[in-house]
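For the sequence shown, the working numbering gives the first residue as 762, with consecutive numbering after it.
From the three backbone atoms N, C-alpha and C, an ideal C-beta is built for every residue, glycine too.
Because the structure is a prediction, the values reported are computed rather than measured.
For reference, the structure discussed in these notes is given below.
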Amino acid sequence: MSEHYGIVGNGTAPRKVIHASLNDIGTKVMYSIPWYGALPSEGLAHVYDWMLDNEANYRIVAKVDGKKAVPKALASMCTEVVEVDDVDSTILADIKESFGLTALLWDNDNEAQSAGIAEMSIDLGLPTLELSNGLTPVILDGDTPPIVEVTNTEPDEFENIDITNFDRETLDIMPAAHVKRLARNAGHDVKTKDDAIRVLVGDSGDHTVPNEIGTITISLSGGNVLTYNVTASLAKKIHELVLANV
């Protein structure tokens, strides 16, 4: 049986981020992808394009609400179209049964809904990654947040993070939910990732995001792969760290 990856959420991200993440997963798995019954977000449109361009194996879980049918081009290439009342819970139940993995398109315009999907996935014991941020683990806010064990990293390594170790460039490439949680743990009431970064680095001014020069991919012993966007400054720090530990 091939691995089963469920894509959920209606968030957005640059095409290159979503396509790079899906390229890391590849086409030797089965995907369950959502159709929420209306025009898709930009992020979901990128997912659909990747599925078609790469002739991936996917099934569509579509919401029954009569708004808009699944496009013929998308439906004609899938293994099946399943119509349900609750798209997200159906996808998560399917991949739970096949020991799969959740890839979440985090929606910054509806964070409560995204957090709800993530919590449901984590409660089911599914590895839960943020597709819209390079397949990084989702860590939720809360006093005792569940830790998603998608690597051999111990949970304490996620929990006991010293925010002084991170500069603006590092925070820019971290998951939005993670950055905001760091800010809230430090006593700041923040709404967006940008607000969280400003308070964490002690800066209220506007800055442009540094230009990315590429990505770095980490292959873990358990078979998982993590991909991060890298700036020139961060690449230099990684290089220095590697040389110091050779």
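Which of the three DSSP states, helix, strand or coil, is assigned to residue i?
i           : result
residue 791 : strand
residue 821 : strand
residue 766 : strand
residue 947 : coil
residue 953 : coil
residue 816 : coil
residue 978 : strand
residue 864 : strand
residue 755 : Lying before the first or after the last residue shown, residue 755 is absent from the chain, which here runs from 762 to 1007.
residue 844 : strand
residue 892 : helix
residue 774 : coil
When the Cα of residue i is compared with those of the options, which residue comes out closest?
i           : options                : result
residue 803 : 820, 778 and 826       : 778
residue 932 : 894, 948, 793 and 901  : 894
residue 789 : 1004, 771, 851 and 765 : 765
residue 830 : 798, 809, 815 and 874  : 798
residue 792 : 781, 841 and 801       : 841
residue 929 : 950, 957, 787 and 999  : 957
residue 847 : 826, 858 and 833       : 826
residue 832 : 801, 998, 999 and 945  : 801
residue 953 : 787, 871 and 805       : 871
Between residue i and residue j, how many whole angstroms is the CB-CB distance? I'm expecting something under 8 Å.
i           : j           : result
residue 796 : residue 823 : 4 Å
residue 785 : residue 992 : The Cβ separation is near 20 Å, so there is no contact.
residue 856 : residue 835 : About 20 Å separates the two Cβ atoms, so there is no contact after all.
residue 867 : residue 948 : Their Cβ separation, rounded to whole angstroms, is 24 Å, which puts residue 867 and residue 948 out of contact at 8 Å.
residue 819 : residue 839 : 5 Å
Between residue i and the rest of its own chain, which residues show a CB-CB distance below 8 Å, the 5 nearest in sequence each way excluded?
i           : result
residue 890 : 862, 863, 864, 865, 896, 897, 898, 899, 909 and 911
residue 850 : 881
residue 753 : Only positions 762 to 1007 of the chain appear in the structure, and residue 753 is not among them; the question remains open.
residue 843 : 820, 821, 822, 823 and 851
Are the Cβ atoms of residue i and residue j separated by less than 8 Å?
i           : j           : result
residue 853 : residue 885 : yes
residue 892 : residue 768 : yes
residue 873 : residue 901 : no
residue 883 : residue 770 : no
Go through its chain and collect everything with a Cβ distance to residue i's Cβ below 7 Å, but skip five positions before and after it.
i           : result
residue 905 : Because residue 905 carries a pLDDT of 38, less than 50, the predicted location of this residue cannot be relied on, and the following value inherits that uncertainty. Counting only Cβ-Cβ distances below 7 Å, and skipping sequence neighbours, we find nothing.
Could you name the residues of the same chain whose beta carbon sits closer than 6 Å to that of residue i, not counting the 5 residues immediately before and after it, in chain order?
i            : result
residue 859  : 765
residue 807  : 776 and 779
residue 962  : 929
residue 869  : none
residue 944  : 951, 957, 960 and 961
residue 1001 : none
residue 811  : 780 and 783
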